[in-house]
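Notes to accompany the following structure.
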């Protein structure tokens, strides 16, 4: 029996026990509420209790292979009464929740708890209004922004007029975002004018029930706003979703235009004009990003400043215990940082810019340290790190940080140039038929000469970090000691 079959059998046994217990009539329900669902279409059907929805989701997923397109296709079928014959108000609400469930894999609470209600208002015109709750945060910034596009698509399909906010309502949002920043956390620090531009152009109203005790002081008692208290869900969607993800939203709009989405109300969003592959030349230059330091809390250590020499070296890849917002560090690094970084510690990283949890990976490069006796060593073995920790005078280099390609893809972040690492070297020598293990420097040098490949990364040091003056000093020292052991004064030792 394989691993997954063992899991399935165990779940079936547990469900059988739970159903027998429920059949005794001692609980409010006589059956187990949680349904088993392995695939997205099964989860959709179970979440909303409508088998027909699951069938349409499966149909469009098989036909398009895209969750985004599937979501909009199913929304179109719901509002057109192609799947269900339900009331006008019910299909408006259901269509948005189903669309959100599809793009979030029906695995978070946002489609149910993140949306309080969706309704068509008739106050100062007819327009669609979406009431967002705080749990909309669980959907993620991009998905939250897409939910507004979905609401606009529903509006378009039903022929509902667009939302036209008054000047007082626009300024109410500006005040609300500013107030929310002082009492809670926002991912993006927007400018007041950004909020004005976004709200004045939105084709649907983004509102919600009050989530905070604090009230606005200036723009109160507005006729079309039910509360003077802060609407946290609305603030999150406008600030952390629409404004923060504007560039990504532009790309998504370009995709859904092909299935009938009218983007005339979204021309205010500026896309990220990138070079085409034919126009792009050379290697991208990655400027240091200070964004991850803005949220630093007093008392928390900063392990490295942005792109600073001696900080972590980016290494692409995954270990068995990394991936899905978890990154790898050599356990020797974790010990030499006074064990402050433990298994599962959450850190904020410069690239791709999100938070991640740390997992130990002993197959990547460890830290380079200088000991009190002046010797410089690289420490890859955690046992050695524990043994020498009291002798360490300075950590010269923190070693590798292992980050998967998927982290950059998920966060829509450009890939950075890779360092010269073992994976690249192995790929080069394999093309030339080499499969043996490198036993030492002499062996690595011989292989490089015979196969005409660069030197193995284990013996290629960080020469790009020294200055041109340092290089000249080192060359002169080597010239003077030609054929003999080089004299290592403090200056030369620092360069080496």
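Residue numbers (the numbering used here): 21 to 516.
Even for Gly, the Cβ is constructed at its ideal location relative to N, Cα and C.
Values in this document were obtained by computation on a predicted structure and should not be read as measured data.
Checklist line | Whole-angstrom distance between residue 55 and residue 37, CA atom to CA atom | finding: For the purposes of this step, residue 37 is taken as the residue at position 17 of the chain shown. For the purposes of this step, residue 55 is taken as the residue at position 35 of the chain shown. For residue 37 and residue 55, the gap between their C-alpha atoms comes out near 15 Å.
Next item on the list: Mind listing, in chain order, the continuous beta strand (DSSP E) runs of no fewer than 3 residues lying wholly within the stretch 338 to 369?
Entry: As far as the stretch 338 to 369 is concerned, its whole beta strand (DSSP E) runs of at least 3 residues are 346 to 349, 366 to 368.
Notebook entry, point to check: Do three or more CB pairs link the stretch 166 to 180 to the stretch 201 to 217 at distances below 8 Å?
Noted result: Counting C-beta pairs closer than 8 Å gives fewer than three between the stretch 166 to 180 and the stretch 201 to 217, which falls short of the contact rule.
Check: Cβ atoms of residue 81 and residue 125: under 8 Å apart, would you say?
Finding: Start at 1 with the first residue of the chain shown, and residue 125 comes out as number 105. Start at 1 with the first residue of the chain shown, and residue 81 comes out as number 61. Between residue 125 and residue 81, the CB-CB gap reaches or exceeds 8 Å.
Check: Under 8 Å between the Cβ atoms of residue 227 and residue 252?
Finding: The residue labelled residue 227 in the question sits at position 207 within the chain shown. The residue labelled residue 252 in the question sits at position 232 within the chain shown. No, the Cβ-Cβ distance between residue 227 and residue 252 is not below 8 Å.
Notebook entry, point to check: Where does residue 308 fall in DSSP's three states?
Noted result: Reading the chain shown from its first residue, position 288 is the one you call residue 308. Reduced to three states, the DSSP call for residue 308 is coil.
Note to self: What residue range does the beta strand (DSSP E) around residue 151 cover?
What the structure shows: For the purposes of this step, residue 151 is taken as residue 131 along the chain shown, with counting starting at 1. Counting along the chain, the beta strand (DSSP E) containing residue 151 begins and ends at 146 to 152.
Notebook entry, point to check: So, residue 269 versus residue 165, is the Cβ gap smaller than 8 Å?
Noted result: As a position in the chain shown, residue 269 is number 249, starting the count at 1. As a position in the chain shown, residue 165 is number 145, starting the count at 1. A contact, by the Cβ cut-off of 8 Å.
Margin query: Measuring only the C-alpha atoms, how far is residue 159 from residue 168?
Written below: Counting from 1 along the chain shown, the entry for residue 159 is found at position 139. Counting from 1 along the chain shown, the entry for residue 168 is found at position 148. The C-alpha of residue 159 lies about 13 Å from the C-alpha of residue 168.
Item checked: Distance between residue 258 and residue 303 (C-alpha atoms, nearest Å) -> Residue numbering aside, residue 303 sits at position 283 when the chain shown is read from its first letter. Residue numbering aside, residue 258 sits at position 238 when the chain shown is read from its first letter. Reliability of the predicted coordinates at residue 303 is poor, the pLDDT of 46 falling under 50, and the value obtained from them is presented with this limitation in mind. Distance between the alpha carbons of residue 303 and residue 258 is about 35 Å.
Item checked: Which of helix, strand or coil DSSP assigns to residue 227 -> Position 207 of the chain shown, counted from the first residue, corresponds to residue 227. Residue 227 falls in the strand class under three-state DSSP.
Checklist line | Which of helix, strand or coil DSSP assigns to residue 219 | finding: In the chain shown, counting from the first residue as 1, residue 219 sits at position 199. Helix, per DSSP.
Check: Is there contact between the stretch 189 to 205 and the stretch 141 to 150, where contact requires at least three CB pairs shorter than 8 Å?
Finding: Taking one beta carbon from each stretch, the stretch 189 to 205 and the stretch 141 to 150 have fewer than 3 pairs nearer than 8 Å; the two do not touch.
Check: Nearest CA to the CA of residue 461: which residue from 447, 375, 455, 477?
Finding: Position 441 of the chain shown holds residue 461. Ranking 447, 375, 455, 477 by Cα distance to residue 461 puts 477 first.
Margin query: Rounded to whole angstroms, what is the Cα-Cα separation between residue 453 and residue 400?
Written below: The count along the chain shown starts at 1 and reaches residue 453 at position 433. The count along the chain shown starts at 1 and reaches residue 400 at position 380. CA-CA distance, residue 453 to residue 400, rounds to 29 Å.
Check: What does residue 400 pair with, by DSSP beta-bridge criteria?
Finding: As a working mapping, residue 400 is identified with position 380 in the chain shown. DSSP output for residue 400 lists no bridge partner at all.
Notebook entry, point to check: Once you ignore the five residues that flank residue 420 on each side, which residues in its own chain have a CB closer than 6 Å to its CB?
Noted result: For this step, residue 420 is matched to residue 400 along the chain shown. Here the set comprises 333, 335, 384, 385.
Notebook entry, point to check: Near residue 5, what residues of its chain come up, given a Cβ to Cβ distance below 8 Å and the 5 sequence neighbours on each side ignored?
Noted result: Nothing about residue 5 can be reported from this structure: the residues present for the chain run from 21 to 516 only.
Note to self: Can you confirm whether the stretch 406 to 413 touches the stretch 370 to 381 when touching is taken to mean that 3 or more C-beta pairs between the two stretches lie within less than 8 Å?
What the structure shows: With a cut-off of 8 Å, the stretch 406 to 413 and the stretch 370 to 381 do not count as touching, because too few Cβ pairs lie within range.
Checklist line | Per-residue DSSP class, three states only, for residue 183 | finding: As a working mapping, residue 183 is identified with position 163 in the chain shown. In this structure, DSSP gives residue 183 a state outside helix and strand, which the three-state scheme calls coil.
Check: Excluding five sequence neighbours on each side, which residues of the same chain lie with their C-beta closer than 8 Å to the C-beta of residue 475?
Finding: Looking up residue 475 in the chain shown gives position 455. Only residues of its own chain outside the window of five on either side were considered, and among them 464, 465, 468 have a CB closer than 8 Å to the CB of residue 475, listed in chain order.
Next item on the list: Please report how far the alpha carbon of residue 78 lies from the alpha carbon of residue 113, in whole angstroms.
Entry: Counting from 1 along the chain shown, the entry for residue 78 is found at position 58. Counting from 1 along the chain shown, the entry for residue 113 is found at position 93. So the alpha carbons of these two residues sit roughly 21 Å apart.
Item checked: Which of helix, strand or coil DSSP assigns to residue 376 -> For this step, residue 376 is matched to residue 356 along the chain shown. Correct three-state label for residue 376: strand.
Note to self: Tell me which residue opens and which closes the alpha helix (DSSP H) that residue 336 is part of.
What the structure shows: By one-based count along the chain shown, residue 336 stands at place 316. For residue 336, there is no enclosing alpha helix (DSSP H); the residue is found in the beta strand (DSSP E) stretching over 333 to 336.
Check: Thinking just about the alpha-carbon of each residue, which of 482, 28, 120 is nearest to the one in residue 388?
Finding: On the chain shown, residue 388 is found 368 positions in, with the first residue counted as 1. Nearest option by C-alpha distance: 482.
Note to self: I want to know whether the stretch 444 to 453 touches the stretch 341 to 361 - three or more CB-CB distances under 8 Å.
What the structure shows: Because the criterion of three Cβ pairs below 8 Å is not met, the stretch 444 to 453 and the stretch 341 to 361 do not touch.
Notebook entry, point to check: Exposed or buried, what is residue 353 when buried is set at 16 or more other beta-carbons lying within 10 Å of its beta-carbon?
Noted result: Position 333 of the chain shown holds residue 353. With 16 or more other Cβ atoms within 10 Å, it is buried.
Margin query: The alpha helix (DSSP H) that contains residue 272, what's its start and end?
Written below: Position 252 of the chain shown, counted from the first residue, corresponds to residue 272. For residue 272, the enclosing alpha helix (DSSP H) covers residues 266 to 276.
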